[in-house]
Amino acid sequence: MSTHAAHKIVDSPGFDLPRPGAGATLERFAALTRFCSDDIATGRLVEAHADADAILGELVGDMVRPGEFWGVWAAQPPGTRVDAHPAEAGWALDGVKEWCSGAGSCTHALVTAETDAGNRLFAVDLRQRGVSVDLSAWHSIGMRATDTGTVTFDAVPATAVGEVGAYLRRPGFWHGGMGVAACWFGGARRVARPLYRAVAGTNDPLLRMHAGAVDAQLATGWAAIESAARRIDASPTEPSQRQAFGLRWTIEQVATAVVDRVGRALGPGPLVADPDHAQAVADLTVYIRQSHADADLAVLGSLLDDRIPGPAELTTDDS
1 MSTHAAHKIV
11 DSPGFDLPRP
21 GAGATLERFA
31 ALTRFCSDDI
41 ATGRLVEAHA
51 DADAILGELV
61 GDMVRPGEFW
71 GVWAAQPPGT
81 RVDAHPAEAG
91 WALDGVKEWC
101 SGAGSCTHAL
111 VTAETDAGNR
121 LFAVDLRQRG
131 VSVDLSAWHS
141 IGMRATDTGT
151 VTFDAVPATA
161 VGEVGAYLRR
171 PGFWHGGMGV
181 AACWFGGARR
191 VARPLYRAVA
201 GTNDPLLRMH
211 AGAVDAQLAT
221 GWAAIESAAR
231 RIDASPTEPS
241 QRQAFGLRWT
251 IEQVATAVVD
261 RVGRALGPGP
271 LVADPDHAQA
281 VADLTVYIRQ
291 SHADADLAVL
301 GSLLDDRIPG
311 PAELTTDDS
């Protein structure tokens, strides 16, 4: 189970991902890429735990503890909601939260909820009474191992993390979104494995052509991740929504192209005879839909000004 594997990773003695913006963001993104290259569902759960740690550090100077396994449950689809109200011990949560990865296995979660003053983030110990989990709505084999479901809260004690609106206002919100892109990139590398194995030692020109295209796509994706990490470390407190949306769209295109190229190069064989590859394709196909696709592109377009990305001046040396 991916939940068991993810819990084992975050509990391992050497697990301590650098927080984004602290000078080693590329090391963080590379680790997330490796986790998803090994197993996409496991890497996605590890990313959420690491994101929770970064959020706690940024908003309240806290951190996750040994033995804990955290999720970040911030989706707010129409039709369901979680409300937070003052209680004797601080706050209590009531309501339904959908799209909760690690719902049946996390010990703690960061949960967005509505208050009289607006939306706010709360830390919840999920081992308390009043927490119930429903995994029955997940029918796809893609990302099934992430244990994603709907969680109902019934007067569950919680601790406020940051002020109203702080979860979305912080620079780290966009850093976290770029960390997800690093996970998508790791998933693309996972999907590409059978093609790299098949092209080794072959003289088939079509197979080599597809492999060359995939290799170029992956190189482009990694260059974009490297550039994003450098910019985060150079300006960790600056808003980076435009950068985040640009990187996520770039990596989504890479992932989509790799799935398509590998399928066209190798045909249906690996999809039906290689269970690891079939699972990776299913996982990545579901995972990249965490992107809001064209809606995100529309937001990105609204952020543009009259400056074209690239060097401010283009010169040639005629000497």
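In terms of UniProt numbering, the sequence shown opens at residue 1 and continues consecutively.
Here a beta-carbon is modelled for each residue, glycine too, at the ideal position from N, C-alpha and C.
{"query": "Suppose contacts are defined by Cβ-Cβ distances below 7 angstroms. Is T107 in contact with E68 by that definition?", "result": "yes"}
{"query": "Tell me, which residues are paired with C106 by DSSP?", "result": "Answer by DSSP bridge pairing: none, since C106 is not bridged."}
{"query": "Would you tell me roughly how many angstroms separate the C-alpha atoms of H7 and Y167, rounded to the nearest one?", "result": "25 angstroms"}
{"query": "Find the nearest neighbour of G130 within the set S140, T152, P77 and R231, judged by alpha-carbon distance.", "result": "T152"}
{"query": "Which word fits A244, buried or exposed, when buried means at least 16 other C-beta atoms lie within 10 angstroms of its C-beta?", "result": "buried"}
{"query": "Give me whichever residues DSSP pairs with P18 in a beta bridge.", "result": "Looking at the DSSP assignment, P18 forms no beta bridge with any residue, so it has no partner."}
{"query": "Report all residues from its chain with a CB closer than 7 angstroms to the CB of Y287; omit the five preceding and five following residues, and keep chain order.", "result": "I40, R44, M143, W184 and G187"}
{"query": "Which first and last residues belong to the alpha helix (DSSP H) in which P194 is found?", "result": "G172 to V199"}
{"query": "Mind the definition here: the stretch 89 to 108 touches the stretch 240 to 260 only if three or more C-beta pairs lie below 8 angstroms; say whether that holds.", "result": "no"}
{"query": "Quick one: what's D83 bridged to in DSSP?", "result": "D94 and E114"}
{"query": "If you compare alpha carbons, which of T3, S2, G21 and L32 is closest to F15?", "result": "L32"}
{"query": "Are the stretch 230 to 237 and the stretch 194 to 207 in contact at 8 angstroms, needing three or more beta carbon pairs?", "result": "no"}
{"query": "Using only the alpha-carbon positions, how far apart do residue 325 and Q241 sit?", "result": "Since the first residue of the chain shown is 1 and the last is 319, residue 325 is not available in this structure."}
{"query": "Go ahead and label H4 buried or exposed: buried means 16 or more other beta carbons lie within 10 angstroms of its beta carbon, across all protein chains shown.", "result": "exposed"}
{"query": "Flag this pair as yes or no: are the beta carbons of E252 and S291 separated by less than 7 angstroms?", "result": "yes"}
{"query": "Cβ of residue 324 within 7 angstroms of Cβ of A50?", "result": "Because residue 324 is not part of the residues shown, which for the chain are 1 to 319, the question remains open."}
{"query": "Which first and last residues belong to the alpha helix (DSSP H) in which F153 is found?", "result": "Run containing F153: none in the alpha helix (DSSP H); it sits in the beta strand (DSSP E), G149 to V161."}
{"query": "In chain order, what residues of the same chain have a beta carbon less than 6 angstroms from the beta carbon of A182, not counting five sequence neighbours either side?", "result": "F29, L32, T33 and I225"}
{"query": "Distance, Cα to Cα, P157 vs E88?", "result": "9 angstroms"}
{"query": "For the alpha helix (DSSP H) containing V64, list its first residue and its last residue.", "result": "V64 -> no alpha helix (DSSP H), and no H or E assigned at all."}
{"query": "Which residue's Cα is closest to the Cα of T148: A160, D134 and R169?", "result": "D134"}
{"query": "Take the Cβ of V82 as the centre, count every other Cβ of all protein chains shown within 10 Å, and call the residue buried at 16 or more, exposed below.", "result": "buried"}
{"query": "Nearest CA to the CA of Q128: which residue from A257, A117, A92 and T256?", "result": "A92"}
{"query": "From H175 to R193, what distance separates their C-alpha atoms?", "result": "28 angstroms"}
{"query": "Please state whether the Cβ-Cβ distance between A74 and T112 is less than 7 angstroms.", "result": "yes"}
{"query": "Which term fits T202, buried or exposed, when burial requires 16 or more other beta carbons within 10 angstroms of its beta carbon?", "result": "exposed"}
{"query": "If you reduce the DSSP assignment to three classes, tell me which class R289 lands in.", "result": "helix"}
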